[in-house]
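>
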């Protein structure tokens, strides 16, 4: 019986000690890293259908999850901000297409998934570097 307890402790301890990077860790808002981004005037490969938003990264399920969230905007008739749309930013073709079905119009139209991956790859890399920053970090433009 004691041997079973020692074996279980040896298996579970790395998962518990992994903190935010653990497989079963459920992140909270204090762990999200944020950076405002916007399209430059001469940027030809901007992948998003809106001109600005926030790049966010959080560890979830033992992996970095990078998202782009559009800036909430109210219009003249309804000054209350609408719920912003968001998409997962990744170079994994399955995740890029299926996880973003609900908000795929947040990406500019492209002919192929490969073209979309080419456009989002720099933002996915930027988001992953953002995730390497300390918890609760909010980085300004040009700081990463």
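In my numbering, the protein residues as written are 3 to 146. Where is the CB? At the ideal position from N, CA and C, for every residue including glycine. This one's a predicted model, so the numbers in the text were calculated from it and none came from an experiment.
1) In this structure, does DSSP put residue 8 in helix, strand or coil?
2) Count the other C-beta atoms from every protein chain shown that fall within 10 angstroms of the C-beta of residue 99, then say buried if there are 16 or more, exposed otherwise.
3) When you compare the CB positions of residue 72 and residue 52, do they come within less than 8 Å of one another, or not?
4) Where do the N-terminal and C-terminal ends of the alpha helix (DSSP H) with residue 52 fall, by residue?
5) Kindly indicate which three-state DSSP category residue 91 falls into: helix, strand or coil?
6) How close, in whole Å, do the beta carbons of residue 35 and residue 135 come, if the pair is a contact with beta carbons under 8 Å?
7) Compute the beta-carbon to beta-carbon distance between residue 90 and residue 69, rounded to the nearest angstrom, for a pair I have assumed lies under 8 Å.
8) Would you check if there are 3 or more beta carbon pairs closer than 8 Å linking the stretch 113-133 to the stretch 38-58?
9) Taking just the CA atoms, how far does residue 64 sit from residue 119?
10) Look at the alpha carbon of residue 56 and the alpha carbon of residue 84, and state the distance between them as a whole number of angstroms.
11) Provide the residue(s) that pair with residue 39 in DSSP beta bridges, ordered along the chain.
12) Look at the alpha carbon of residue 43 and the alpha carbon of residue 54, and state the distance between them as a whole number of angstroms.
13) Between which two residues does the beta strand (DSSP E) containing residue 109 stretch?
14) Compute the beta-carbon to beta-carbon distance between residue 87 and residue 108, rounded to the nearest angstrom, for a pair I have assumed lies under 8 Å.
If we stick to the structure as given:
1) Unreliable placement is indicated for residue 8, whose pLDDT of 45 sits below 50; the coordinate value is still reported in the next sentence. Here residue 8 carries a helix assignment [DSSP, helix/strand/coil].
2) By the 16-neighbour rule on beta-carbons within 10 angstroms, residue 99 is exposed.
3) Closer than 8 Å, so yes.
4) That residue, residue 52, is in no alpha helix (DSSP H); it is neither H nor E in DSSP.
5) It is coil, neither helix nor strand.
6) So it is a contact: roughly 5 Å between Cβ atoms.
7) At roughly 6 Å, the Cβ-Cβ gap stays under 8 Å, so residue 90 and residue 69 are in contact.
8) The way I'd put it, the stretch 113-133 does touch the stretch 38-58; three or more beta-carbon pairs between them come closer than 8 Å.
9) Distance between the alpha carbons of residue 119 and residue 64 is about 22 Å.
10) So the two alpha carbons sit approximately 15 Å from each other.
11) DSSP output for residue 39 lists 55 as bridge partner(s).
12) So the two alpha carbons sit approximately 12 Å from each other.
13) Segment: none, residue 109 is in no beta strand (DSSP E) and carries neither H nor E.
14) Confirmed, about 5 Å.
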